[in-house]
Structure formats: C-alpha cells, structure tokens
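In case it helps, this note's numbering puts the sequence shown at residues 1068 to 1252. A short write-up of the structure that comes next.
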Amino acid sequence: MTSAGDDKFTFIEGVKNPHSCTVLIQGSTDHAIAQMKDAIKDGLRATQNCVEDEAIVPGAGAFEIAAHVHLEQFKRTVEGKPRLGVEIFAKALLVVPKTLLENSGLDVQDKLLRVLADRENKHRVVGVSVASGDPIDPAIEGIYDNFLVKKQMLGLAPVLAEQLLLVDEVIRAGKSMKSDGGMQG
C-alpha cells in the first residue's frame, strides 16, 4: 500500500509478462490533469505510429527543410507554370520551421535564413532549436517525427489547396459575400 496525497494505492510490480499498465496522474486543477492526459495519449499514439510504421524521420522541422531544399533544386529542371507550383509548394513546407521559431518568440526570418544556409552549405540534416533558433541535428538531440504523419501531410496538402481554390463563395455570419464585394442576405 502506497499513499499519494490522501489516497492509498496498491501497486503490483515485478510481473514477468505484463500486457497492460496504469498511469497515475495528479494535478492541481482539472485543466492540468486534462493536459497531462492529452500529452500521454499523444505520446502513446506517436509510439504506436512508430512501431506500426517501423520508420521515423528527423524532427525539429528538418524533414520540411530538406524537402524545401530538394524542391528548390528540382524547380530548376521544370519549365513554365509547373515551376511556379513547385516553388510555392517548397515555400509552403517552411511553415513548420517558421511556426516552431515563431512560437519560441525568435526572429523568424533571421533564424530561418541561418538554418537554410547551414543546410545548403553543409549538406546535412538540420532542424531548428526552439531554445535558440540555431541549426541543430535533430537525431543528436533525440527529436523525431512519425513517418505516417509526414506522409499524410504531403498527401493532404495539395488536396486541401485544391479544395480551397474550388470555393466560389464565402458565407460569413449568415450572409453571403459575393466576389463583387457587396453583401446579400
């Protein structure tokens, strides 16, 4: 019998072939407990994806940075309008490292340019440090993303962009906003 606060718990340990476990969560508020539960579920889902995929990719925006650099090189081999599409898709991939930098309160443009230059000059896997914004090797830092998540991202991004382009009318607050700028009710 072990105490945790006012509650008493019985822990069964040393089971030779366990197939389940219980995670004890304590927090000062219901909100804090809910956040911990979400974090645990996210971690378990990421672990499940990793086991099922049998693959991971470098995190910290490294996948997106590498894909951006590759598409920028590929763009040189494409002519006409498709070239613009490749360029736009390459730029769109940088949203992930930009968001990491912005959420860290860092100078996004300055730090991103430094990271891209490091990637292009040293031809190595590079991600962004959320602490400093400097280039890092995510594998050394132990930062990885799920392969399945990146695969789904690459598959869904063009589909969502196409769907947005097909929108011919925006409905806002119960009113229709036509392209002529007038509102109709």
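A virtual CB, placed ideally from N, CA and C, is assigned to each residue, including glycine. This one's a predicted model, so the numbers in the text were calculated from it and none came from an experiment.
Exercise. So, helix, strand or coil for Pro1085, using DSSP?
Worked result: The residue you call residue 1085 lines up with position 18 of the sequence shown. The answer is coil: DSSP assigns Pro1085 none of H, G, I, E or B.
For this session: Use the C-beta contact count for Lys1075: other C-beta atoms within 10 angstroms, 16 or more gives buried, fewer gives exposed.
Result: Along the sequence shown, read from residue 1 onward, the residue named residue 1075 stands at position 8. That one is exposed.
Exercise. So which of Asp1185, Glu1139, Val1163, Pro1164 has the shortest CA-CA distance to Val1153?
Worked result: The count along the sequence shown starts at 1 and reaches residue 1153 at position 86. Taking only the C-alpha atoms, the option nearest Val1153 is Glu1139.
Problem set entry | Exposed unless 16 or more other CB atoms sit within 10 angstroms - verdict on Arg1186 | Translated into the one-based positions of the sequence shown, residue 1186 becomes position 119. With 16 or more other Cβ atoms within 10 Å, it is buried.
Problem set entry | For Leu1091, the nearest candidate out of Ile1100, Lys1083, Arg1191, Pro1085 (CA to CA) | One-based indexing of the sequence shown puts residue 1091 at position 24. For the residues Ile1100, Lys1083, Arg1191, Pro1085, the minimum Cα distance to Leu1091 belongs to Ile1100.
For this session: Decide if Ala1198 is buried, meaning its Cβ has at least 16 other Cβ atoms within 10 Å, or exposed.
Result: Start at 1 with the first residue of the sequence shown, and residue 1198 comes out as number 131. It is exposed - the Cβ of Ala1198 has fewer than 16 other Cβ atoms within 10 Å.
Problem set entry | Three-state class that DSSP yields for Arg1239 in the structure shown | As a first step, residue 1239 is located in the sequence shown; it is residue number 172 there, counting from the start. Strand.
Exercise. Run through DSSP, which three-state label would Asp1105 get?
Worked result: Here residue 1105 corresponds to residue number 38 of the sequence shown, with the count starting at 1. Helix.
Exercise. So the alpha helix (DSSP H) Phe1156 belongs to, where does it begin and stop?
Worked result: Here residue 1156 corresponds to residue number 89 of the sequence shown, with the count starting at 1. Per DSSP, Phe1156 belongs to the alpha helix (DSSP H) from 1148-1160.
Problem set entry | Nonlocal neighbours in the same chain, by C-beta distance under 8 Å from Glu1169, ignoring five residues either side | The count along the sequence shown starts at 1 and reaches residue 1169 at position 102. Around Glu1169: Val1175.
Exercise. Is it true that the CB of Glu1131 sits closer than 8 Å to the CB of Leu1160?
Worked result: The count along the sequence shown starts at 1 and reaches residue 1160 at position 93. The count along the sequence shown starts at 1 and reaches residue 1131 at position 64. Yes. Within cutoff.
Exercise. Opposite Pro1164 in the DSSP bridges: which residues?
Worked result: Locating residue 1164 in the sequence shown gives position 97, where the first residue counts as 1. The partner list for Pro1164 (beta bridge, DSSP) is empty, contrary to what the question assumes.
For this session: Can you have a look at Leu1233 and say buried or exposed, based on whether 16 or more other CB atoms are within 10 angstroms of its CB?
Result: Taking the sequence shown and counting its residues from 1, one reaches residue 1233 at position 166. Leu1233 is exposed by the Cβ-count criterion.
Problem set entry | Gly1222 (DSSP reduced to helix, strand or coil) | Locating residue 1222 in the sequence shown gives position 155, counting from the first residue. Here Gly1222 sits in helix by DSSP.
Problem set entry | Ile1203 - partner residues in DSSP beta bridges | To locate residue 1203, count along the sequence shown from 1; it is residue 136. Bridge partners of Ile1203: Gly1194.
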